[in-house]
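Reviewing the structure listed below.
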Ligand code: SF4
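Numbering (this note's numbering), first residue to last: 211 to 362.
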């Protein structure tokens, strides 16, 4: 469950269909599907396989669009940036979990793109994970690194 704000609006609630989001962001449905297949965003999937996006997904997509169109980032560089999110610290992974985790050792994909077996992430649905949900804003990664290295 996401944080419910004072107007009872849950920014993590899946509400908007892919066509609506494409129109809002002035992009094609095909492009949104590409971002999904590249692991930049994880929309909610209904049983019918239709995708639904939340307000926070839209904020994330706006950041992705800004990074690509104005800052000239590639999709690969955005994935590399997401790989820097210190999920191992946020999730308090044990030493052995870290050793066996591609997200900890790799730097090309966000943690939610890996198949996690026999570690703390195995049973967690990434879309509802704090690591995924709390990094929709462009400055969130740096804030996370600062927070998780404050004690050093
Ligand atoms: S559950 Fe998913 S999003 Fe959360 S830390 Fe693990 S891989 Fe990343």
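Ideal placement from N, C-alpha and C gives every residue a C-beta, glycine not left out.
8 Å contact criterion, which residue i and residue j should meet: CB distance rounded
| i | j | result |
| --- | --- | --- |
| residue 317 | residue 293 | 5 Å |
| residue 326 | residue 332 | 5 Å |
| residue 312 | residue 324 | 5 Å |
Simplified DSSP state of residue i, which is helix, strand or coil
| i | result |
| --- | --- |
| residue 291 | helix |
| residue 242 | helix |
| residue 261 | strand |
| residue 255 | strand |
| residue 314 | helix |
| residue 229 | helix |
| residue 332 | coil |
| residue 297 | helix |
| residue 220 | coil |
| residue 247 | helix |
| residue 211 | Confidence is the limiting factor: at residue 211 the pLDDT is only 43, short of 50, which leaves the residue's position unreliable, though a coordinate-based value still follows. It is coil, neither helix nor strand. |
| residue 341 | helix |
| residue 346 | coil |
| residue 303 | coil |
Sequence-distant residues of the same chain with beta carbon closer than 8 Å to residue i, five excluded per side
| i | result |
| --- | --- |
| residue 229 | 239 |
| residue 245 | 251, 271, 274, 285 |
Counted within 10 angstroms of its Cβ, other Cβ atoms place residue i as buried (16 or more) or exposed
| i | result |
| --- | --- |
| residue 356 | exposed |
| residue 213 | Low per-residue confidence applies at residue 213: pLDDT is 48, beneath 50, and the placement is therefore not dependable, though the value from the model is reported in the following sentence. Answer is exposed; the Cβ neighbour count stays below 16. |
| residue 179 | One cannot answer for residue 179 here, as it falls past the ends of the chain, which runs 211 to 362. |
| residue 261 | buried |
Proximal residues to residue i (C-beta, below 7 Å), its chain only, five neighbours per side dropped
| i | result |
| --- | --- |
| residue 307 | 329, 330 |
| residue 265 | 221 |
| residue 242 | 228, 231, 232 |
| residue 351 | 291, 294, 295, 345 |
| residue 319 | 249, 289, 293 |
| residue 337 | 252, 254 |
Beta-carbon proximity list for residue i, same chain, < 6 Å, skipping 5 on both sides
| i | result |
| --- | --- |
| residue 263 | 226, 231, 253 |
For the stretch 217-233 against the stretch 287-304, are there 3 or more C-beta pairs whose distance is under 8 Å?
Contact between the stretch 217-233 and the stretch 287-304 is absent, with fewer than three C-beta pairs closer than 8 Å.
Do three or more CB pairs link the stretch 248-255 to the stretch 264-275 at distances below 8 Å?
For the pair of segments examined, the stretch 248-255 was found to touch the stretch 264-275: the number of CB pairs separated by less than 8 Å reaches three.
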